[in-house]
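Protein chains in written order, with my numbering: chain A, 3 to 333; chain B, 24 to 166; chain C, 1466 to 1777.
No residue lacks a Cβ here, since even glycine has one placed at the ideal position from N, Cα and C.
Everything below concerns the one structure shown next.
Structure (C-alpha cells):
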C-alpha cells in the first residue's frame, strides 16, 4: 500500500491518460456520473455513488457485433484505446462477479465482453459514506474495502491524500512507480469512516434465501408487492448487475448490422414467444421474475447474489417500489 | 454523389381513387415529370398512417408526398378530412423538431388533374433537391 | 385532507360501493410517495396526501377494467379519467371519484439540488415543506418549487367527480404555452440541435410511455417487430423518432399532467413535445382534451373547413 497527495494522484492519472481513456465521476447538469475525463481537476472523489453504474463501459447499451454489406460480413471494430475507470464503489465492483460468471467463466465465452474487460483497468474506491438507500452490507460487501478491482484507493478528505494499493498484477505494475508516505495510519482512517456507514443495514442477516424463496414461489404476497409498478425499465437499466440483452438485425438485408441491446424483464415483449403466447402475462410475473432472479436463481446456480445493494432502483423508480421492502416481506 | 447531380428519392402515397388515377392520366397524356417518385398505392389518403412517413424518413428517403382526393370528393366520404388533421399535426411536429420544411408534402389531386399531378411532382422534386439528401440516413449518427 | 379521504374510502368499502381503490401511500423514500392499489380497508393505513403526489393515478384504470374502483383524483387525474371514458377504457358507473382541489405538486429533484445534502425527512405543512438532512434543515414554499406542468396548470380542480374535497383553487390564467411560442421562434437548426442534445440522454427505459395514462396499448409500436417500425438501441435517430411518434400519439389526448417528464430518470424535457401538439390542437381545432366526456377527440372528427393551406 502507498500513500500519495491529491496532486500526486492527479498527476498519476494524467500520466496514465497517455495510454488509457480515463473515465471518472464528474458533476454534470443532472448529477454525478462517469464520463471520459479531459479536465482532471473536475474529478469528484468524495461523493457517495454515481447516478449510473459503470457497467455501460464494459457492456454497452448498444453494441455492434458485426456488419454486413452485399453478402460480405465484417466484424465490428475493436476498441483501440484501453480504459481506466476511476472511483468504482465496492457495490458496483461486486456486480462484475455476476457478469464474469455469465460471460467469461461459463462456456461459451462472450468475446465482446471479455475484450472490453481485459482492456480495462478498474480502480475501486472506498465509500466515504452511505446513503439511506444503501444496503450493500446485506450481501457481505464491505463498503470501505480496497481489495477489489485492479487497484484500490481510499480518499481521505481531511488530509487530501490517497491510500493506494495494487491488487491484480496489472494494477501492481501501474502502482509500482509511485513514491509513498507512511501508511501505518490506514486502519485508523478506515475506522474513522466506518461510522458514516451506520445507515447501511444488513437486511438478510445470514438467512438462507434459497430455502426461503423455494417455498414461496407461488406465495400470494407476490400479487401485492408489485402493485404500483408501471412496467418501465428504469430499475433494470440502472441496475449494475442486470445483464439481459436482445440481439437484433438493423438495417436492410443487403446492408445492415447485428446489434445487441440491453433488454429489460419488465417489458411485456421480453418473454413473448413467436406464437404470441407470453408466459409472463402480467406485471406480477415479470416483477416476481426480477426479484427471484436476483435473490433465488443466481444464488442457487452460482452462489452469488444478483443484487449488490447500491439502491439505484429505489432512488430512480417513478412509483417508489422498494426492493428492500420485498426482501423484508419474505424474510 | 455530388451536390449538383443529386437525384432525390421520393416516396409518394397516392390514393387509389383520385391521385393514382391522376398519375395514370399524366402518364397516358404523355406529360413529362421528374422520375424521382416511387409510388405506393393506398386505398385512401386516410389509410396513410403517419408512422409510414416517419419510417420512410428514418430509413433514409429524401422526401415524402401524400396525395388524395379533393375535400368533399373522398370515395369513402370523409377519409381525406380525417387525414388532413393527422397530416397537419405530423407536419407541424416534424418541423418543430427541426426536420426541414420541404421534406414532406401533401396535395389534393383528382383523377382528371394529370397536369396538376405533374406540376406537384415537379415542385416537390425541386424543393427536395434544394434541401439535399436526407441527413437522417441510416448508421450516420451512431453513438 | 388525509383524514377525510380515509374516512370516505373506508365508508365506501363498508357500503361495498367499491372493491378496490387507487391511492397514494407513504413512500419508503423521504422524497417520494408510492401510488398503490388497495383491496380492503386495512390498506388505508398508509394513505397520504401531500404535495409529492405527482403520479397520474388514472394510469392504473385500464388494468382494473370490470372492478368497482374508488379513485382519488387531482385536476389532471380527472381529465385523464374523462379521456379514458371517451375512449371506452373505463366506465363511469364503475368509478367513484373523490376529487381533490389540487394546490400543485412540488419538484423534489429541484429541491434536492437546492438542498445539496441527502434528504432524510420531509414534513409537509399547509403550503410549505420542511426538508431535513443530516446536519441541516430548510423550509421551502411549495409555490416556489412547483413542477413545470403544475406551474401553468389551468384545471387544478377536478372536472368530473362524485364529491370534491378542499377549497376551490384558481387555475393559471395566463398563456400556458408561452414557452413553446418562445421556442418556436428559434431556427429549425437550433431546435433540431436542442432536441438532439436533450434526447441523447435518453436510455429508452420507456418510463415516459408507461407513466402516461393515455398510453395503454397492449403492444406499443416500439415493441412491435412485424412490422418493425423502429430499431432498439442507442442510435440517436431511433431515439429521436421514438419521441416524435410517442408525442404524435398524444395529439388531442394529452392532459398536460407532466407525469412523463417527472418519471424520466434522465430529466429529459419531454413536455416540450406534447405541449407543442396541445397548443396546435387548441389553436387549429379549438379542442382541449379531458374536459367533457361527450366531446369527440380532435383526431376522431373533422370540420369541412379545417386548415387546408399546407396542402397543394
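Which residues in the same chain as residue i place their Cβ atom closer than 6 angstroms to its Cβ, once the five residues preceding and following it in sequence are excluded?
i                      : result
residue 228 (chain A)  : 285, 286, 289
residue 90 (chain B)   : 37, 42, 130, 132
residue 1767 (chain C) : none
residue 161 (chain B)  : Its pLDDT being 43, under 50, residue 161 (chain B) is placed unreliably by the model, and nothing is read from it.
residue 118 (chain A)  : 60
residue 167 (chain A)  : 3, 148, 154
residue 1778 (chain C) : An answer regarding residue 1778 (chain C) cannot be provided, because it is not within the stretch 1466 to 1777 covered by chain C.
residue 296 (chain A)  : 308, 309
residue 62 (chain B)   : 35, 37
Quick check: is the beta carbon of residue i nearer than 8 angstroms to any beta carbon in chain A?
i                      : result
residue 1696 (chain C) : yes
residue 1739 (chain C) : no
residue 1545 (chain C) : no
residue 1533 (chain C) : no
residue 1581 (chain C) : no
residue 1815 (chain C) : Outside the modelled stretch of chain C, which goes from 1466 to 1777, sits residue 1815 (chain C), for which no answer is possible.
So with Cβ pairs under 8 angstroms, would you call residue i a contact of chain B?
i                      : result
residue 1777 (chain C) : yes
residue 1649 (chain C) : yes
residue 1773 (chain C) : yes
residue 1552 (chain C) : no
residue 1653 (chain C) : yes
residue 1769 (chain C) : yes
residue 1764 (chain C) : yes
Do we get a CB-CB distance below 8 angstroms when we pair residue i with the residues of chain C?
i                     : result
residue 293 (chain A) : no
residue 48 (chain B)  : no
residue 269 (chain A) : yes
residue 242 (chain A) : no
residue 246 (chain A) : no
residue 312 (chain A) : no
residue 150 (chain B) : no
residue 320 (chain A) : yes
residue 99 (chain B)  : no
residue 144 (chain B) : no
residue 32 (chain B)  : no
residue 111 (chain B) : yes
residue 329 (chain A) : no
residue 197 (chain A) : no
Based on the DSSP secondary-structure assignment, which residues constitute the bridge partners of residue i?
i                      : result
residue 106 (chain B)  : None, per the DSSP bridge assignment.
residue 1720 (chain C) : Bridge partners of residue 1720 (chain C): none, in fact.
residue 1572 (chain C) : DSSP lists no partner for residue 1572 (chain C).
residue 23 (chain A)   : A:85
residue 251 (chain A)  : A:260
residue 62 (chain B)   : B:35
residue 167 (chain A)  : A:154
residue 1500 (chain C) : C:1489
residue 1602 (chain C) : C:1597
residue 87 (chain B)   : B:34, B:127
residue 29 (chain A)   : A:34
residue 65 (chain A)   : A:262
residue 1586 (chain C) : C:1597
Take residue i and list the residues in its own chain whose beta-carbon comes closer than 8 angstroms to its own, dropping the five residues that flank it on each side.
i                     : result
residue 320 (chain A) : 232, 234, 236
residue 271 (chain A) : none
residue 268 (chain A) : 231, 233, 234, 235, 237, 238, 285, 288, 289, 292
residue 166 (chain B) : Residue placement at residue 166 (chain B) cannot be trusted, given a pLDDT of 31 that sits under 50; what the coordinates show is reported in the next sentence. None.
residue 253 (chain A) : 259
Report all residues from its chain with a CB closer than 7 angstroms to the CB of residue i; omit the five preceding and five following residues, and keep chain order.
i                      : result
residue 1610 (chain C) : 1571, 1572, 1575, 1576
residue 1710 (chain C) : 1686
residue 7 (chain A)    : 162, 163
Check: Pairing CB atoms from the segment 1677-1684 of chain C with CB atoms from the segment 1715-1731 of chain C, are three or more of them under 8 angstroms?
Finding: yes
Note to self: With three or more beta-carbon pairs closer than 8 angstroms as the criterion, would you say the segment 85-101 of chain B touches the segment 1749-1765 of chain C?
What the structure shows: no
Check: Closer than 7 angstroms, Cβ to any Cβ of chain B: which residues of the segment 1687-1715 of chain C, in chain order?
Finding: 1694, 1699, 1700, 1701, 1702, 1706, 1709, 1710, 1712, 1713
Checklist line | Interface residues of the segment 1715-1738 of chain C facing chain A [CB-CB below 9 angstroms] | finding: 1724, 1727, 1728, 1729, 1730, 1731, 1732
Note to self: Using a Cβ-Cβ cutoff of 8 angstroms, what residues of the segment 1583-1605 of chain C are near chain A? List them in chain order.
What the structure shows: 1583, 1585
Margin query: Please list, in chain order, the residues of the segment 1656-1670 of chain C that have any C-beta partner in chain B closer than 9 angstroms.
Written below: 1656, 1657, 1658, 1659, 1660, 1661, 1665
Notebook entry, point to check: Listed from N- to C-terminal order along the chain, which residues in the segment 113-139 of chain B have their beta-carbon within a distance smaller than 9 angstroms of any beta-carbon of chain C?
Noted result: 113, 114, 115, 116, 117, 118, 119, 120, 121, 122, 123, 124, 128, 129, 130, 131, 132, 139
Checklist line | Within 9 angstroms of chain C by C-beta, residues of the segment 39-63 of chain B in sequence order | finding: none
Checklist line | Three or more C-beta pairs below 8 angstroms linking the segment 61-81 of chain B and the segment 1723-1739 of chain C | finding: no
Check: Looking at C-beta atoms only, is the number of pairs between the segment 196-207 of chain A and the segment 132-150 of chain A that lie closer than 8 angstroms three or more?
Finding: yes
Next item on the list: Select from the segment 71-82 of chain B all residues with a C-beta closer than 9 angstroms to any C-beta belonging to chain C, and list them in chain order.
Entry: 73, 74, 77, 78, 80, 81
Notebook entry, point to check: Given a limit of 7 angstroms on CB to CB distance, which residues of the segment 22-46 of chain A reach chain F?
Noted result: Although the question refers to chain F, the structure presented lacks it and instead comprises the protein chains A, B and C.
Note to self: Output needed in chain order: residues of the segment 1634-1647 of chain C with a Cβ under 9 angstroms from some Cβ in chain B.
What the structure shows: 1645
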